[in-house]
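Counted the way full-length UniProt numbering counts, the sequence shown spans residues 1 to 222.
Heads up, the beta-carbon is just placed ideally off N, CA and C, and yes, glycines get one too.
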Amino acid sequence: MTKRVLMVVTNHTTITDDHKTGLWLEEFAVPYLVFKEKGYDVKVASIQGGEVPLDPRSIEEKDPAWAEAEKELKNTARLSKDDATGFDAIFLPGGHGTMFDFPDNETLQYVLQQFAEDGRIIGAVCHGPSGLVNVTYKDGTPLVKGKTVTSFTDEEEREVQLDQYMPFLLESTLRLRGANFVHGEKWKDFSVRDGNLITGQNPQSSRSTAEKVVEALEEKEK
(Lines of atoms letter the chains of each structure in order from A and count residues from 1; the text may use other names and numbers.)
(Lines give C-alpha, C1' and ligand atoms only; values in the text may rest on other atoms or scores of the structure.)
Protein backbone atom coordinates (compact mmCIF):
# COMPACT_ATOMS: atom_id res chain seq x y z
CA MET A 1 0.00 0.00 0.00
CA THR A 2 1.31 3.46 -0.93
CA LYS A 3 2.70 5.42 2.00
CA ARG A 4 1.16 8.85 2.61
CA VAL A 5 3.14 11.79 4.00
CA LEU A 6 1.67 15.09 5.19
CA MET A 7 4.04 18.06 4.85
CA VAL A 8 3.01 21.16 6.80
CA VAL A 9 4.54 24.55 6.00
CA THR A 10 4.41 28.12 7.30
CA ASN A 11 2.50 31.10 5.95
CA HIS A 12 4.26 33.73 8.07
CA THR A 13 6.03 36.39 6.01
CA THR A 14 7.91 38.88 8.20
CA ILE A 15 10.39 39.04 11.06
CA THR A 16 10.61 42.85 11.03
CA ASP A 17 9.23 45.42 8.59
CA ASP A 18 12.40 45.24 6.53
CA HIS A 19 13.21 41.54 7.01
CA LYS A 20 11.05 39.10 5.08
CA THR A 21 10.86 35.44 5.97
CA GLY A 22 8.74 32.38 5.22
CA LEU A 23 9.53 28.78 4.32
CA TRP A 24 13.17 27.84 3.72
CA LEU A 25 12.81 26.25 0.29
CA GLU A 26 15.53 23.58 0.55
CA GLU A 27 13.96 22.18 3.73
CA PHE A 28 10.74 21.56 1.82
CA ALA A 29 11.98 20.75 -1.68
CA VAL A 30 14.65 18.19 -0.81
CA PRO A 31 12.44 16.08 1.51
CA TYR A 32 9.50 16.41 -0.90
CA LEU A 33 11.62 14.95 -3.71
CA VAL A 34 12.98 12.20 -1.42
CA PHE A 35 9.41 11.14 -0.61
CA LYS A 36 8.24 11.34 -4.23
CA GLU A 37 11.24 9.30 -5.41
CA LYS A 38 10.09 6.55 -3.03
CA GLY A 39 6.65 6.64 -4.65
CA TYR A 40 4.94 8.11 -1.60
CA ASP A 41 1.75 10.12 -1.86
CA VAL A 42 2.56 13.60 -0.49
CA LYS A 43 0.00 16.17 0.63
CA VAL A 44 1.22 19.72 1.23
CA ALA A 45 -0.77 21.80 3.71
CA SER A 46 -0.03 25.18 5.25
CA ILE A 47 -1.29 26.90 8.37
CA GLN A 48 -3.59 29.29 6.47
CA GLY A 49 -3.72 27.68 3.03
CA GLY A 50 -2.95 29.37 -0.29
CA GLU A 51 0.43 30.43 -1.64
CA VAL A 52 3.39 29.83 0.65
CA PRO A 53 5.92 32.65 1.18
CA LEU A 54 9.55 31.71 0.60
CA ASP A 55 12.38 33.22 2.60
CA PRO A 56 14.17 35.39 0.00
CA ARG A 57 17.58 34.15 1.15
CA SER A 58 16.54 30.55 0.51
CA ILE A 59 16.02 31.13 -3.21
CA GLU A 60 19.27 32.97 -3.96
CA GLU A 61 20.94 29.74 -5.08
CA LYS A 62 17.99 27.64 -6.12
CA ASP A 63 18.58 24.14 -7.48
CA PRO A 64 16.64 23.69 -10.77
CA ALA A 65 15.63 20.22 -9.53
CA TRP A 66 13.44 21.90 -6.90
CA ALA A 67 11.02 23.31 -9.50
CA GLU A 68 8.59 20.38 -9.21
CA ALA A 69 8.44 20.79 -5.44
CA GLU A 70 8.09 24.57 -5.63
CA LYS A 71 4.97 24.21 -7.78
CA GLU A 72 3.27 22.49 -4.84
CA LEU A 73 3.55 25.74 -2.85
CA LYS A 74 1.49 27.90 -5.20
CA ASN A 75 -1.90 26.92 -3.81
CA THR A 76 -1.73 24.77 -0.68
CA ALA A 77 -4.61 23.31 1.29
CA ARG A 78 -5.27 24.79 4.71
CA LEU A 79 -4.31 22.37 7.48
CA SER A 80 -7.40 20.87 9.11
CA LYS A 81 -8.10 18.48 11.95
CA ASP A 82 -9.12 15.91 9.32
CA ASP A 83 -5.41 15.72 8.43
CA ALA A 84 -4.83 13.93 11.75
CA THR A 85 -5.85 10.67 10.05
CA GLY A 86 -4.98 8.98 6.78
CA PHE A 87 -1.22 9.63 6.81
CA ASP A 88 1.73 7.45 7.79
CA ALA A 89 4.08 10.35 8.56
CA ILE A 90 4.07 14.10 9.06
CA PHE A 91 7.03 16.31 8.14
CA LEU A 92 7.63 19.91 9.23
CA PRO A 93 10.12 21.89 7.12
CA GLY A 94 11.49 25.06 8.68
CA GLY A 95 12.19 28.64 7.81
CA HIS A 96 11.97 31.39 10.43
CA GLY A 97 8.28 31.81 9.59
CA THR A 98 7.50 28.63 11.51
CA MET A 99 8.64 30.24 14.77
CA PHE A 100 5.64 32.55 14.55
CA ASP A 101 2.77 30.39 13.26
CA PHE A 102 3.62 26.79 14.29
CA PRO A 103 3.92 26.76 18.12
CA ASP A 104 0.46 28.05 19.04
CA ASN A 105 -1.58 26.80 16.11
CA GLU A 106 -4.34 24.70 17.63
CA THR A 107 -4.91 22.62 14.50
CA LEU A 108 -1.23 21.71 14.13
CA GLN A 109 -1.00 20.85 17.84
CA TYR A 110 -4.05 18.59 17.52
CA VAL A 111 -2.74 16.84 14.40
CA LEU A 112 0.69 16.26 15.96
CA GLN A 113 -0.87 14.93 19.16
CA GLN A 114 -2.83 12.34 17.15
CA PHE A 115 0.32 11.26 15.29
CA ALA A 116 2.18 10.93 18.61
CA GLU A 117 -0.62 8.99 20.31
CA ASP A 118 -0.84 6.60 17.35
CA GLY A 119 2.91 6.04 17.21
CA ARG A 120 3.16 7.37 13.67
CA ILE A 121 6.28 9.02 12.27
CA ILE A 122 6.93 12.71 13.03
CA GLY A 123 9.79 14.46 11.20
CA ALA A 124 10.96 18.07 11.47
CA VAL A 125 14.02 19.99 10.31
CA CYS A 126 15.77 23.24 11.32
CA HIS A 127 13.01 25.55 12.68
CA GLY A 128 10.34 22.93 11.91
CA PRO A 129 10.67 21.54 15.47
CA SER A 130 9.11 24.83 16.65
CA GLY A 131 5.87 22.99 15.90
CA LEU A 132 6.75 20.41 18.55
CA VAL A 133 7.48 22.67 21.54
CA ASN A 134 3.88 22.92 22.79
CA VAL A 135 2.64 19.48 21.72
CA THR A 136 1.64 17.13 24.52
CA TYR A 137 0.30 13.63 24.76
CA LYS A 138 -3.30 13.44 26.01
CA ASP A 139 -2.01 13.00 29.58
CA GLY A 140 -0.23 16.36 29.36
CA THR A 141 3.32 15.03 28.95
CA PRO A 142 5.31 17.14 26.47
CA LEU A 143 5.94 15.26 23.23
CA VAL A 144 9.69 15.92 23.39
CA LYS A 145 10.17 15.11 27.10
CA GLY A 146 12.94 12.55 27.43
CA LYS A 147 13.37 12.35 23.65
CA THR A 148 16.65 12.93 21.85
CA VAL A 149 16.08 15.78 19.41
CA THR A 150 17.89 18.46 17.48
CA SER A 151 16.97 21.71 15.73
CA PHE A 152 18.49 24.98 14.57
CA THR A 153 20.76 25.78 17.50
CA ASP A 154 20.86 28.93 19.60
CA GLU A 155 24.43 29.45 18.37
CA GLU A 156 23.31 29.30 14.73
CA GLU A 157 20.47 31.71 15.54
CA ARG A 158 22.91 34.18 17.07
CA GLU A 159 25.25 33.82 14.12
CA VAL A 160 22.54 34.93 11.67
CA GLN A 161 21.76 37.76 14.13
CA LEU A 162 18.08 36.93 14.38
CA ASP A 163 18.00 35.69 17.98
CA GLN A 164 16.74 39.03 19.30
CA TYR A 165 13.80 39.00 16.86
CA MET A 166 12.56 35.50 17.64
CA PRO A 167 9.60 34.94 19.99
CA PHE A 168 11.77 32.32 21.75
CA LEU A 169 15.00 30.41 21.18
CA LEU A 170 14.24 26.96 19.81
CA GLU A 171 17.07 24.93 21.33
CA SER A 172 16.55 26.49 24.77
CA THR A 173 12.80 25.88 24.65
CA LEU A 174 13.17 22.24 23.60
CA ARG A 175 15.55 21.76 26.55
CA LEU A 176 13.01 23.47 28.81
CA ARG A 177 10.37 20.94 27.70
CA GLY A 178 12.62 18.13 28.86
CA ALA A 179 14.19 17.13 25.55
CA ASN A 180 17.65 15.58 25.41
CA PHE A 181 18.97 18.15 22.94
CA VAL A 182 21.93 17.13 20.77
CA HIS A 183 23.61 18.83 17.84
CA GLY A 184 26.48 18.60 15.41
CA GLU A 185 28.76 21.32 14.07
CA LYS A 186 26.99 24.47 13.00
CA TRP A 187 25.93 24.55 9.34
CA LYS A 188 26.79 20.85 8.91
CA ASP A 189 24.42 17.95 8.26
CA PHE A 190 23.15 16.46 11.52
CA SER A 191 19.93 14.55 12.12
CA VAL A 192 18.76 12.18 14.81
CA ARG A 193 16.06 9.58 15.26
CA ASP A 194 14.48 8.64 18.57
CA GLY A 195 11.85 6.00 17.87
CA ASN A 196 9.13 7.61 15.77
CA LEU A 197 10.52 11.15 16.20
CA ILE A 198 13.08 12.36 13.66
CA THR A 199 14.68 15.82 13.70
CA GLY A 200 17.36 17.67 11.73
CA GLN A 201 19.52 20.61 12.74
CA ASN A 202 19.62 23.00 9.77
CA PRO A 203 19.05 23.31 6.00
CA GLN A 204 22.09 21.12 5.37
CA SER A 205 20.28 18.31 7.20
CA SER A 206 17.21 18.31 4.94
CA ARG A 207 18.09 15.16 3.01
CA SER A 208 19.31 13.04 5.92
CA THR A 209 16.24 13.93 7.99
CA ALA A 210 13.92 12.89 5.16
CA GLU A 211 15.91 9.71 4.58
CA LYS A 212 15.53 8.78 8.25
CA VAL A 213 11.76 9.25 7.86
CA VAL A 214 11.87 6.88 4.88
CA GLU A 215 13.86 4.32 6.89
CA ALA A 216 11.33 4.50 9.72
CA LEU A 217 8.41 4.07 7.32
CA GLU A 218 10.06 1.12 5.57
CA GLU A 219 10.71 -0.54 8.95
CA LYS A 220 7.02 -0.35 9.80
CA GLU A 221 6.29 -2.41 6.68
CA LYS A 222 8.40 -5.35 7.82
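Proximity winner among Leu6, Thr173, Lys188, relative to Glu89 (alpha-carbon distances):
Translated into the one-based positions of the sequence shown, residue 89 becomes position 89. The sequence shown places Ala at residue 89, rather than the Glu named in the question. Taking each of Leu6, Thr173, Lys188 in turn and checking the Cα distance to Ala89, the smallest one comes out for Leu6.
Are the CB atoms of Gln201 and Thr148 within a distance shorter than 8 Å?
Position 148 of the sequence shown, counted from the start, is the residue given in the question as residue 148. Position 201 of the sequence shown, counted from the start, is the residue given in the question as residue 201. The answer is no: Cβ separation not under 8 Å.
Helix or strand or just coil, what does DSSP make of Lys20?
In the sequence shown, the residue the question calls residue 20 occupies position 20. Lys20: strand per DSSP, three-state reduction.
Identify the continuous alpha helix (DSSP H) that holds Ser80 and give its terminal residues.
Start at 1 with the first residue of the sequence shown, and residue 80 comes out as number 80. Counting along the chain, Ser80 falls outside any alpha helix (DSSP H), and DSSP gives it neither H nor E.
Just list the residues that DSSP pairs Leu6 with in beta bridges.
The count along the sequence shown starts at 1 and reaches residue 6 at position 6. Its beta-bridge partners are Lys43, Ile90.
Can you give me the start and stop residues for the alpha helix (DSSP H) that Thr199 sits inside?
Sequence index remark: in the sequence shown, residue 199 carries index 199 (1-based). Looking at the DSSP string, Thr199 is not in any alpha helix (DSSP H); the run it does join, the beta strand (DSSP E), is 197-200.
Following the continuous beta strand (DSSP E) through Ala124, name the residue where it begins and the one where it ends.
On the sequence shown, residue 124 is found 124 positions in, with the first residue counted as 1. From DSSP, the beta strand (DSSP E) with Ala124 extends over 121-125.
First and last residue of the alpha helix (DSSP H) that includes Arg175?
Residue mapping note: residue 175 aligns to position 175 of the sequence shown, counting from 1. Segment 170-176, the alpha helix (DSSP H) holding Arg175.
Assuming Val189 is part of the alpha helix (DSSP H), what are its boundary residues?
As a working note, residue 189 is residue 189 in the sequence shown. Checking the sequence shown, residue 189 turns out to be Asp, not Val. Careful: Asp189 lies outside any alpha helix (DSSP H) and carries neither H nor E.
Cutting at 8 Å between CB atoms, please list the residues of its own chain near Lys20, excluding the five before and the five after it.
Locating residue 20 in the sequence shown gives position 20, counting from the first residue. So the qualifying residues of the chain are Thr13, Thr14, Pro53, Asp55, Pro56.
What does the Cβ neighbour count give for Tyr137, buried or exposed, with the cut at 16 atoms within 10 Å?
Here residue 137 corresponds to residue number 137 of the sequence shown, with the count starting at 1. Under this definition Tyr137 is an exposed residue.
Am I right that Ser46 and Val9 are in contact with their C-beta atoms under 8 Å? What's the rounded C-beta distance?
Start at 1 with the first residue of the sequence shown, and residue 46 comes out as number 46. Start at 1 with the first residue of the sequence shown, and residue 9 comes out as number 9. Yes, Ser46 and Val9 are in contact; Cβ-Cβ is about 5 Å, under 8 Å.
Taking Arg57 as part of the alpha helix (DSSP H), name the residues at either end of that continuous run.
Counting from 1 along the sequence shown, the entry for residue 57 is found at position 57. Per DSSP, Arg57 belongs to no alpha helix (DSSP H) and is neither H nor E.
Check whether Ser191 and Lys212 have beta carbons under 8 Å apart:
Translated into positions along the sequence shown, residue 191 becomes position 191. Translated into positions along the sequence shown, residue 212 becomes position 212. Against a cut-off of 8 Å, the Cβ pair of Lys212 and Ser191 comes out as a contact.
Going by DSSP, what residue range makes up the alpha helix (DSSP H) through Asp154?
For the purposes of this step, residue 154 is taken as residue 154 along the sequence shown, with counting starting at 1. Asp154 -> alpha helix (DSSP H) spans 154-159.
Kindly list the residues whose CB is nearer than 6 Å to the CB of Thr153, restricted to its own chain and excluding five residues on each side of it in sequence; keep chain order.
Residue 153 sits at position 153 when you count from the first residue of the sequence shown. Here the set comprises Glu171, His183.
Anticipated Cβ contact below 8 Å, Gly119 with Asn196, distance rounded:
Taking the first residue of the sequence shown as 1, we reach residue 119 at position 119. Taking the first residue of the sequence shown as 1, we reach residue 196 at position 196. Contact flag correct, Cβ pair sits at about 6 Å.
For the structure I just gave you, are there three or more beta carbon pairs, one from the segment 57-73 and one from the segment 26-35, closer than 8 Å?
yes
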